[in-house]
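A.B. asks:
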Amino acid sequence: MELIDRTHDRLPTPTPSRGRSAKAFWSVAAVYALVMLGGTLPVPLYAFWSADMGFGPFTTTLVFAGYAVGVVISLLLFAGMSDRSGRRPLALAALSVVAVSTGTFLLAGHVVVLLVARFLSGLATGVVTATATAWLEELAGPGNARRATVTATAVNLGGLGLGPLAAGLTAQFAPAPAHLVFWLYLGALVPAFAAVALAPETVADRRPARVAVRRPTVPAEPAGRSEFATAAAGVFAAFAVNALFASLVPSFLHDALRVSGPAVVGGVVSLLFLVALTAQLSAPRHWLESRWFAVGALVAGVGLLVAGLWLRSLAVFVAGTVLAGAGSGLTFRRGLGVTAGLADPRRRADLNATYFLAAYAGNVVPALVIGGLDQAFDANVATSILAAALIGLIFVPAVRHRRHPA
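In this note's numbering, the protein residues as written are 2 to 407.
(1) Grouping DSSP H, G and I as helix and E and B as strand, with all else coil, what is V219?
(2) CB S97 to CB A118, shorter than 7 Å?
(3) At 3 residues or longer, and completely inside the region 350-374: list those beta strand (DSSP E) runs for me, N to C.
(4) Mind checking D53: buried by the 16 CB within 10 Å criterion, or exposed?
(5) When burial is assigned at 16 or more other CB atoms within 10 Å of the CB, is L387 buried or exposed?
(6) Between the C-alpha atoms of L12 and W311, what's the straight-line distance to the nearest angstrom?
(7) Alpha carbon to alpha carbon, how far is G39 from S248?
(8) Alpha carbon to alpha carbon, how far is A377 from S83? Give it in angstroms, no decimals.
(9) Output the residue ranges of the beta strand (DSSP E) runs that lie fully inside the region 303-340 and measure 3 residues or longer, sorted by chain position.
(10) Tell me, to the nearest whole angstrom, how far the beta carbon of L258 is from that of R313; I am working on the premise that it is less than 8 Å.
(11) Return the CA-CA distance between A308 and E222, expressed in angstroms with no decimal places.
(12) Near L46, what residues of its chain come up, given a Cβ to Cβ distance below 8 Å and the 5 sequence neighbours on each side ignored?
(13) With H, G and I counted as helix, E and B as strand and the rest as coil, what does DSSP make of N145?
(14) Taking A241 and V366 to be in contact with their CB atoms under 8 Å, please state how far apart those CB atoms are, rounded to whole angstroms.
(15) Look at the alpha carbon of V276 and the alpha carbon of I395, and state the distance between them as a whole number of angstroms.
(16) Restricting to Cα atoms, I'd like to know which of V265, A316, A232, A244 is closest to L289.
(17) Using 8 Å for Cβ pairs, my map puts A280 next to G326. What's the rounded Cβ distance?
(18) Would a C-beta distance cut-off of 7 Å place A80 and A131 closer than the cut-off?
(19) Could you tell me whether the Cβ atoms of L282 and T150 are closer together than 7 Å?
(20) Grouping DSSP H, G and I as helix and E and B as strand, with all else coil, what is V242?
(21) So the candidates are H111, A31, F229; which of them puts its Cα closest to the Cα of T134?
(22) Evaluate D351 with the Cβ neighbour count: other Cβ atoms within 10 Å of its Cβ, from every protein chain shown; 16 or more gives buried, anything less gives exposed.
(23) Quick check: the Cα distance between T105 and V113, rounded to an integer number of angstroms?
(24) Return no unless some Cβ of chain B is closer than 7 Å to the Cβ of L312.
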């Protein structure tokens, strides 16, 4: 594990003019949102692909996990490189991979091609989450850390929430349900490339960065390490709940309620992320400062999600979605703020990458576990087993902080 030493002399970060910096800030935020949106576009489309390619729920789970694995590998190999080679080159490279991934979705006629497309999408997402978050912090300027944190969280969760909704509506009401949305997305990438190319570089000491497996970076000070570890454990649990939810929605709507329209699937999936966005933007300050509001919402949300499955009740399932989304948003926002406050200005992307590594590791585990349990148990029993484990996991960060306060 690599420690961040914040006592070294630092080269000044380039400071573009206020007007140019403000314009670039919102341009980078828009590109960030677009990339996150692309990561969830496929969710309502699995029903079309599974019918065309002949695969079942377990394969769907593997494809979902392929995206998360791509993110994790990207965070380990590439995400911290922008601290050395610059934000703009890494962002342009990531957008190129997004374009290749989108083109691969258009060509997907076999599950292997679908897996490749999802994996490439994950690789690009990992780079953008760490790079764009650091870029926004630098473009916001001194004294604007809260603005950068709120914006980064909003565009991350907002993009994730809008992706399934956009794909579901397009698939429901437009022709070529598994293709048109990706053609539209390719078109949206054109101005995204231009926005990144025109944005000012904020890394002063740029140098070549070689690809290598990076050790997770943590703050050097013991108090900082403890605080960051608690934030990382919290976001791991929150994203694990998100993964459980995303893996449940299509099968629950189809098998329990006999609802299979992509617009409905996309809308229900979007609800979790949009509630998370609303919670982190509108929650009172003391909700963000206390871990127990988020813990309570996540635990209640998971409980209601499972109850909705057993009762075959959409209302109960949606109530669980709202609570789980609120808890996830509060946890994510608080953890990102902790990370921004602890980061060495010369290693922002490195520490952001470690934070997002914890988050997306939480995405991978439930997706694989629920797929494996489904092979041995009834779907509701498998989900209940995993949900019980997740509830225990949710309590870990809060209990750890109580025993070892920062």
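Here a beta-carbon is modelled for each residue, glycine too, at the ideal position from N, C-alpha and C.
C.D. replies: Once the coordinates are examined:
(1) strand
(2) no
(3) none
(4) exposed
(5) buried
(6) Because the pLDDT at L12 is just 43, under 50, the model does not fix this residue reliably, and the value given afterwards should be weighed accordingly. Distance between the alpha carbons of L12 and W311 is about 58 Å.
(7) 18 Å
(8) 44 Å
(9) none
(10) 7 Å
(11) 43 Å
(12) A168, A172, P178, A179, V182, P263
(13) coil
(14) 6 Å
(15) 19 Å
(16) A232
(17) 7 Å
(18) yes
(19) no
(20) helix
(21) A31
(22) buried
(23) 11 Å
(24) Looking for chain B here will not work: only one protein chain is present.
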